[in-house]
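Colleague: Quick one: this structure, given as structure tokens, is what I'll be asking you about.
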């Protein structure tokens, strides 16, 4: 295209460029490669040389209708409806409006393309998507886990929202799960969430242990590792011990490299092992 524009400039011709309507026509015609551009150029040349009188008297409204008919196929209302419907009453109750992030990103990109142009619209869509991603990551869901009738540790809030049996909480312990990686952007939010749950359960049930299930934490950075050390100290002041369970892979390596053995909260193979080791049966 650059070479074509250079040639057009030397010959005092019109600038060559792409457009949304041209892309739509190309796609609708079944174009698969750049050869379609050569075919379009050849047909344009033939039209200019031999068919100009046929199109000369066409009103501009006709040409506009052709463009609109081509572009309207690019507006996929069904896809937007599908993105909107990702947020169900259950997910909105548990996670707020986070599940509609894809819809808002798509809507922003579409609006940007219609108002400004293709490239600015795509940039707007990318920026909005990045901001939504950061917003999601900075406020992860901190779930309180209870034991279901099948012996699995499940999200209490989710079971309650589904009108299922609330499950059985661990006696003297609070089991929590962070459904996200832990890093600098969400470290403070996770710390505050765990402390709030611990304070609530300590007042109601007198817990002595908090077990952080790390199975759903795919990564962790140094800031989050330091946060866990600080969280352990915060809970210790209230007479509560913090331990980790099911840390795997990269999380395990970073925790051991970023903290000293004395600072690192005890780590156990699984939740049941952690509770049995830290809260032996009384009597």
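In the numbering used here, the protein residues as written are 7 to 289. Beta carbons are placed, not taken as given, at the ideal position from N, Cα and C, and that holds for glycine. Model, not experiment: these values are computed from the prediction.
1) For residue 202 versus residue 241, is the C-beta spacing smaller than 8 Å?
2) Run through the DSSP bridge pairs and tell me what residue 159 is partnered with.
3) Could you pull out every residue in the same chain whose Cβ sits closer than 8 Å to the Cβ of residue 191, ignoring the five residues on either side in sequence?
4) Compute the beta-carbon to beta-carbon distance between residue 256 and residue 225, rounded to the nearest angstrom, for a pair I have assumed lies under 8 Å.
5) With which residues is residue 249 paired in a DSSP beta bridge?
6) Tell me whether the region 206-226 and the region 237-252 touch, counting them as touching only if at least three CB pairs, one residue from each stretch, are closer than 8 Å.
7) Please check the pair residue 236 and residue 197, which I expect to be a contact at CB under 8 Å, by giving their CB distance rounded to whole angstroms.
8) According to the neighbour-count rule (16 or more other Cβ atoms, all chains shown, within 10 Å of its Cβ), is residue 186 buried or exposed?
9) In the DSSP assignment, find the unbroken beta strand (DSSP E) run with residue 238 in it and report its ends.
10) Kindly provide the ranges of any alpha helix (DSSP H) runs that are 4 or more residues long and lie completely inside the region 50-86, ordered along the chain.
11) Would residue 175 and residue 152 qualify as a contact pair, given that the criterion is a beta-carbon distance under 8 Å?
12) Let's test the definition: count the other Cβ atoms within 10 Å of the Cβ of residue 246 and tell me whether it reaches 16, buried, or not, exposed.
13) Would you give the residue range spanned by the alpha helix (DSSP H) that residue 180 belongs to?
14) Can you tell which of 75, 70, 271, 109 has the C-alpha that lies nearest to the C-alpha of residue 87?
15) Taking DSSP as the reference, what is the three-state secondary structure of residue 223?
16) Whole angstroms are fine: how far does the CA of residue 113 sit from the CA of residue 73?
17) In three-state terms, what does DSSP make of residue 174?
18) Return helix, strand or coil for residue 261, following the three-state DSSP convention.
19) Count the other CB atoms, across all protein chains shown, that sit within 10 Å of the CB of residue 234; report buried if there are 16 or more and exposed otherwise.
20) Verify whether the separation of the beta carbon atoms of residue 179 and residue 285 is less than 8 Å.
21) Using the three-state DSSP reduction, which class does residue 274 fall into: helix, strand or coil?
22) Here's the rule I'm using: 16 or more other beta-carbon atoms within 10 Å means buried, otherwise exposed. How should residue 243 be labelled?
23) Have a look at residue 268 and residue 194 and give me their C-alpha separation to the nearest angstrom.
24) Where residue 188 and residue 136 are concerned, what is the direct C-alpha to C-alpha distance, given to the nearest angstrom?
25) Taking 8 Å as the CB-CB limit, is residue 59 close to chain C?
Modeller: In short, the structure shows the following:
1) no
2) 153
3) 140, 143, 144
4) 6 Å
5) 217
6) yes
7) 7 Å
8) buried
9) That residue, residue 238, is in no beta strand (DSSP E); its alpha helix (DSSP H) goes 228-243.
10) 58-62, 66-77
11) yes
12) buried
13) Premise fails: residue 180 lies in the beta strand (DSSP E), 179-184, not in any alpha helix (DSSP H).
14) 109
15) coil
16) 22 Å
17) strand
18) helix
19) buried
20) yes
21) strand
22) exposed
23) 22 Å
24) 18 Å
25) Protein chains in the displayed structure number just one, and chain C is not present.
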